[in-house]
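First up is the structure itself, then whatever we jot down about it.
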Amino acid sequence: SQGSETPNEPTPPAGKKIVLGFAQVGAESGWRTANTESIKEAAAAAGIELKFSDAQQKQENQIKAIRSFIQQKVDVIAFSPVVESGWETVLQEAKEAGIPVILTDRAIDSEDESLYVSFIGSDFVEEGRRAGRWLLEQFKDATEPVNIVELQGTTGSAPAIDRKAGFEEVIKENPNLKIIASQTGDFTRAKGKEVMQSFLQAHKDIDVLYAHNDDMGLGAIQAIEAAGLVPGKDIIIITVDAVRDGMQAAADGKINFIVECNPLLGPQLMDAVKAVVEGKEVPKRIVTEEGTFTSEEAKAALPDRKY
Ligand code: AHR
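Note that the sequence shown covers residues 4 to 310 in this note's numbering.
What follows is the structure in structure tokens.
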């Protein structure tokens with residue numbers, strides 16, 4: 004048969020490179036840098052032409068980038084939504100243009116699942132629960148209040164909302180565990196430091212810091228040390244991500260526990276892009292596998308850590 008009308012025939016036709024438009028959140032953290040590198044490397048390895056845009060943590064920039072990808076008639080659009088809400092209009096435009104959209108890393112809160120073909124990324128609620136479970140175990144015999152401060156990720160982002168929810172769900176089992184202050188540090192080291200400084204000024208009795216990513220935790224460590232306290236001892240520190248700098252701080256005993264969030268989504272994304280272009284079925288949800296690290300485990304894993 005000629006094959007030109009078979010539904011499975013790849014568009015674009017054989018020989019022409021698949022063009023992927025990717026709208027990245029920004030370069031706010033070590034995690035994000037590793038994620039961007041993974042996507043660029045995997046696209047090159049898969050022979051996919053990548054149009055890459057950095058939104059500098061602004062939703063309006065991401066929306067502009069997606070509109071520009073639509074105009075350029077890319078084959079597939081992928082993006083990591085900086086915040087959860089406000090995507091319907093632009094995704095509807097992509098849908099009307101017949102361009103499939105893949106979400107990576109972060110989800111959107113729309114009920115219209117026809118706006119995207121797949122969501123590849125972590126289970127952020129579970130990450131928050133893992134942080135909570137470790138803390139619950141550490142303080143299972145506590146008879147006095149344990150004062151927790153929380154550095155949240157970017158306001159309105161899926162990881163900030165979900166990591167908070169998962170953590171709270173678990174720690175409420177022990178009424179001694181109390182979040183006494185919670186504020187955004189926008190996933191950056193500089194903001195993490197600044198907010199931790201203000202926490203330390205306002206509260207003399209902080210027992211635990213829960214930071215939604217390593218970078219904020221690392222910034223907070225600077226503030227804790229500047230206040231004459233010992234991170235990991237005077238204040239127990241839990242973070243999320245497990246990027247190299249975080250793992251180093253854990254190996255040094257400054258971070259007590261890290262919940263892993265895997266940034267290496269590039270290969271899975273390229274597989275999904277190819278499958279979508281070839282008209283194959285792609286799972287609606289692809290969950291990334293990840294673990295956790297105590298200081299000892301971080302020390303052991305560090306030599307082989309790629310990012
Ligand atoms: O969406 C994933 C989160 O975004 C990472 O945990 C954080 O470091 C990044 O900025």
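Positions of the beta carbon are idealized from the N, C-alpha and C atoms, including for glycine.
In three-state DSSP terms, what is S121? Indexing the sequence shown from 1 puts residue 121 at position 118. Of the three classes helix, strand and coil, the one that applies to S121 here is strand, per DSSP.
Where does L23 sit, in a helix, a strand or coil, going by DSSP? Here residue 23 is taken as the residue at index 20 of the sequence shown, counted from 1. Note: L23 maps to strand in three-state DSSP.
Taking the alpha carbon of G220 as the point to measure from, which residue in I21, G18 and G33 has its own alpha carbon closest? Looking up residue 220 in the sequence shown gives position 217. It is G33.
Helix, strand or coil: which one does DSSP assign to K54? To locate residue 54, count along the sequence shown from 1; it is residue 51. Strand.
State yes or no: is the C-beta of V86 nearer than 7 Å to some heavy atom of the ligand AHR? One-based indexing of the sequence shown puts residue 86 at position 83. In this structure, the C-beta of V86 stays at least 7 Å away from each heavy atom of the ligand AHR.
Contacting residues, own chain, Cβ-Cβ under 8 Å from G18 (five flanking each side not counted): On the sequence shown, position 15 is the one that residue 18 refers to. Leaving aside the five residues that flank G18 on each side, none in its chain has a CB nearer than 8 Å to its CB.
Validate contact between the segment 92-99 and the segment 129-137 using beta carbons, cut 8 Å, 3 pairs: They do not touch, by the three-pair rule.
Residues sharing a beta bridge with S185, DSSP: As a working mapping, residue 185 is identified with position 182 in the sequence shown. Bridge partners of S185: E153.
With distances taken between CB atoms, is the gap from A214 to T242 smaller than 8 Å? Start at 1 with the first residue of the sequence shown, and residue 214 comes out as number 211. Start at 1 with the first residue of the sequence shown, and residue 242 comes out as number 239. Yes. Within cutoff.
Limits of the alpha helix (DSSP H) - the one that L267 falls within: Mapped onto the sequence shown, residue 267 falls at position 264. Careful: L267 lies outside any alpha helix (DSSP H) and carries neither H nor E.
Beta carbon of C264 nearer than 8 Å to that of E130: Taking the first residue of the sequence shown as position 1, residue 264 is located at position 261. Taking the first residue of the sequence shown as position 1, residue 130 is located at position 127. Against a cut-off of 8 Å, the Cβ pair of E130 and C264 comes out as a contact.
With hydrogens ignored, establish whether the beta-carbon of W34 is closer than 7 Å to any heavy atom of the ligand AHR. Here residue 34 refers to the residue found at position 31 when the sequence shown is read from its first residue. W34: yes, Cβ under 7 Å from the ligand AHR.
Looking only at its own chain, which residues have a Cβ that is under 6 Å from the Cβ of R288, when we skip the five neighbours before and after it? The count along the sequence shown starts at 1 and reaches residue 288 at position 285. Result list for R288: F122, in chain order.
Report the residue from G222, V173 and P270 whose alpha carbon sits nearest the alpha carbon of G195. As a first step, residue 195 must be located in the sequence shown, where it is residue number 192. Ranking the options by Cα distance to G195, first place goes to G222.
Name the DSSP bridge partner or partners of V3? Since the first and last residues shown for the chain are 4 and 310, residue 3 lies out of range.
Taking only three categories from DSSP, how would you classify Q5? Here residue 5 refers to the residue found at position 2 when the sequence shown is read from its first residue. Any reading at Q5 must be qualified, since the residue scores a pLDDT of 39, below 50, and its modelled position is unreliable; no value is offered.
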